[in-house]
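Numbering (this note's numbering), first residue to last: 1393 to 1723.
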């Protein structure tokens, strides 16, 4: 997956793994591992929005946390601006965190309830030393204006705001340290639909204004369609498809992607859509199926799917899929 000449790769992930030990026979030797993220690779271009989608438990949020080193990855490489940040020490990583920010799913849980908005924003700027102390008040007022909150919000506590307003505070906190990459971990899933649209439009406006790059994690395909440039589909810790948004929604190549897209509600009852109903449950990430991990639920699976794991390969311009029979399914 090589970058095109006109695009600069900001983030490159190679063979990333995140295993969590479970069922220990002793204090020292784990008996099994939850393979939350299992050998995934992708890249993120500067100024774009790449969305990660999939069912709950597929490894979306774990991928974001591993990239930020909130959880230390088991293996792999994460290149940011050409540097493998998994080799950074604590001091180097702390300095870098100003450029790598995150917006969490629950804005109330991610904000300190004992701090005012002023203290929350000031703390971020003080830790990263991005704004001199005499100029921080002006910067805080500027940040509130960017996210659509009044100046008097500075003296209020998180519990005094609505969910949408709290998420705006979370966005302001992320912007306070002048980031280049923001990981949005289900950033609108806890909000009402009307508020979701406001926050999504705000994120797109800020992206244009500051040249931000987003890694957008979501299970809502309608939201993903609105905000994304490219989409990456994950299933049981693996990447099954990556493509430009239009290509993925118009011409999905993987059976799992087809099933996900068929579940999107159609507002017009006169339009009939063929639903792809998946049988069975998602297998356990502790003992995932051999071969293609989707073969236990795939209506097109053969013996080859059970034995051989499909490689992520390019079929069409910048359209990658891991399926043995993607060419046949595309016809």
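Quick reminder that beta carbons are idealized off the backbone N, C-alpha and C, glycines included.
Own chain, CB closer than 7 Å to residue i, minus 5 neighbours either side, in chain order
i	result
residue 1627	1446, 1450, 1648, 1685 and 1686
residue 1605	1402, 1436, 1438, 1439, 1440, 1572 and 1573
residue 1653	1613, 1641 and 1644
residue 1509	1545, 1546, 1548 and 1561
residue 1430	1409, 1629 and 1630
residue 1487	none
residue 1535	1513, 1564, 1567 and 1568
residue 1480	1488
Residue i versus the options, residue with shortest Cα-Cα distance
i	options	result
residue 1490	1629, 1523 and 1501	1523
residue 1560	1444, 1592 and 1645	1592
residue 1655	1677, 1612 and 1690	1612
residue 1470	1478, 1701 and 1505	1478
residue 1428	1442, 1443 and 1454	1454
residue 1667	1683, 1691 and 1599	1691
residue 1711	1651, 1640 and 1717	1640
residue 1598	1645, 1642 and 1570	1570
residue 1426	1689, 1697 and 1677	1677
residue 1588	1565, 1614 and 1604	1614
residue 1698	1689, 1704 and 1552	1689
residue 1492	1558, 1575 and 1525	1575
residue 1555	1543, 1544, 1582 and 1669	1582
residue 1617	1530, 1444 and 1518	1444
residue 1650	1619, 1546, 1713 and 1602	1713
residue 1448	1629, 1695, 1721 and 1537	1629
residue 1434	1421, 1633 and 1535	1633
residue 1386	1696, 1580 and 1679	Since the first residue of the chain shown is 1393 and the last is 1723, residue 1386 is not available in this structure.
residue 1539	1702, 1485 and 1602	1602
Alpha-carbon spacing of residue i relative to residue j, whole angstroms
i	j	result
residue 1476	residue 1405	9 Å
residue 1675	residue 1681	7 Å
residue 1459	residue 1465	8 Å
residue 1637	residue 1452	18 Å
residue 1578	residue 1482	27 Å
residue 1504	residue 1511	9 Å
residue 1548	residue 1502	16 Å
residue 1415	residue 1600	47 Å
residue 1438	residue 1671	39 Å
residue 1468	residue 1610	23 Å
residue 1399	residue 1607	16 Å
residue 1564	residue 1594	11 Å
residue 1498	residue 1590	16 Å
residue 1553	residue 1500	9 Å
residue 1643	residue 1507	48 Å
residue 1442	residue 1624	7 Å
residue 1551	residue 1673	39 Å
residue 1584	residue 1558	13 Å
residue 1528	residue 1413	44 Å
residue 1518	residue 1533	16 Å
residue 1721	residue 1580	33 Å
residue 1531	residue 1537	10 Å
residue 1619	residue 1520	29 Å
residue 1696	residue 1703	13 Å
Beta-carbon contacts of residue i that lie in its chain and below 8 Å, excluding the five residues immediately before and after
i	result
residue 1719	1707
residue 1700	1683, 1684 and 1716
residue 1485	1461 and 1477
Classification of residue i by the beta-carbon crowding that lies within 10 angstroms, buried from 16 upward
i	result
residue 1567	buried
residue 1514	buried
residue 1709	exposed
residue 1395	Unreliable positioning characterises residue 1395 in this predicted model, as indicated by a pLDDT of 46, which lies under 50. A coordinate reading is not provided.
residue 1393	In this predicted model, residue 1393 has a pLDDT of only 47, less than 50, meaning its place in the structure is not dependable enough to derive any value.
residue 1495	buried
residue 1705	exposed
residue 1646	buried
residue 1543	exposed
residue 1526	exposed
Cutoff 6 Å; reference residue i; Cβ partners in own chain excluding five residues on either side
i	result
residue 1432	1408 and 1631
residue 1693	1687
residue 1440	1621
residue 1541	1560
residue 1516	1565, 1568 and 1569
residue 1457	1463
residue 1635	1711
residue 1472	1403
Cutoff 9 Å: residue i Cβ touching any chain C Cβ
i	result
residue 1679	Absence of chain C from the displayed structure is noted, only one protein chain being present.
Residue i beta carbon near the ligand FMN (any heavy atom closer than 8 Å)
i	result
residue 1479	The ligand FMN is absent from the structure shown, which contains no ligands of any kind.
What beta strand (DSSP E) runs, 3 residues minimum, are completely inside the region 1694-1723?
-> None, since the region 1694-1723 contains no complete beta strand (DSSP E) of that length.
Segments of 3+ residues assigned as beta strand (DSSP E) that fall wholly inside the region 1406-1463 | Counting whole runs of 3 or more residues, the region 1406-1463 contains the beta strand (DSSP E) stretches 1422-1437 and 1441-1445.
May I have a chain-ordered list of the alpha helix (DSSP H) segments no shorter than 4 residues that lie completely inside the region 1577-1608?
-> Secondary structure in the region 1577-1608: the alpha helix (DSSP H) runs of 4 residues or longer, each lying completely within the stretch, are 1585-1602 in chain order.
Kindly provide the ranges of any beta strand (DSSP E) runs that are 3 or more residues long and lie completely inside the region 1506-1588, ordered along the chain.
-> Listed in chain order, they are 1573-1577.
Enumerate, from N- to C-terminal direction, the unbroken beta strand (DSSP E) stretches of 3 or more residues contained entirely within the region 1617-1693.
-> List check, beta strand (DSSP E) in window: 1622-1627 and 1630-1636.
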